[in-house]
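If you use our numbering, the sequence shown corresponds to residues 211 to 302, in order.
What follows is a single structure, written as structure tokens, with notes after it.
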Amino acid sequence: AAVVAPICEELFFRGMLYRYLLRRWPVWAAAVVSATIFAAFHFIPILIPVFLFLGLILTIQYEITGSLTNSMLLHGAGNAVTTVLVYISLNS
Numbered sequence: 211a212a213v214v215a216p217i218c219e220e221l222f223f224r225g226m227l228y229r230y231l232l233r234r235w236p237v238w239a240a241a242v243v244s245a246t247i248f249a250a251f252h253f254i255p256i257l258i259p260v261f262l263f264l265g266l267i268l269t270i271q272y273e274i275t276g277s278l279t280n281s282m283l284l285h286g287a288g289n290a291v292t293t294v295l296v297y298i299s300l301n302s
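Printed below as a string of structure tokens:
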């Protein structure tokens, strides 16, 4: 959850989808659409706003730095924290 998923998701959502949309649309539209697809891809309706926000943050971070590595690390850190918190809550 903290390594493979962020790498694969960032390669697809920021590295491929966002770049594809960016060639056709302005930055804001490409960011919103790619983040929306990212949120929908996670298949948890109640968490769509959270994933949409995360998708926007990751896209903005990628747009500013131009680095997929940075967005992979940020995504992985978020997944790691979430995984640990879920583990703790289920085992306490």
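Cβ coordinates follow ideal geometry from the N, Cα and C atoms, glycine included.
The C-beta distance from leucine 264 to glycine 288 rounds to 7 Å, short enough to meet the 8 Å contact threshold. Of the candidates Glu219, Arg229, Leu283 and Trp235, Glu219 places its Cα closest to the Cα of phenylalanine 248.
With contact defined as three or more Cβ pairs closer than 8 Å, the region 238-246 and the region 267-275 are in contact. Here DSSP, grouped into helix, strand and coil, assigns glycine 276 to coil. Of the residues assessed, leucine 231 falls on the buried side of the cut-off, its CB having 16 or more other CB atoms within 10 angstroms.
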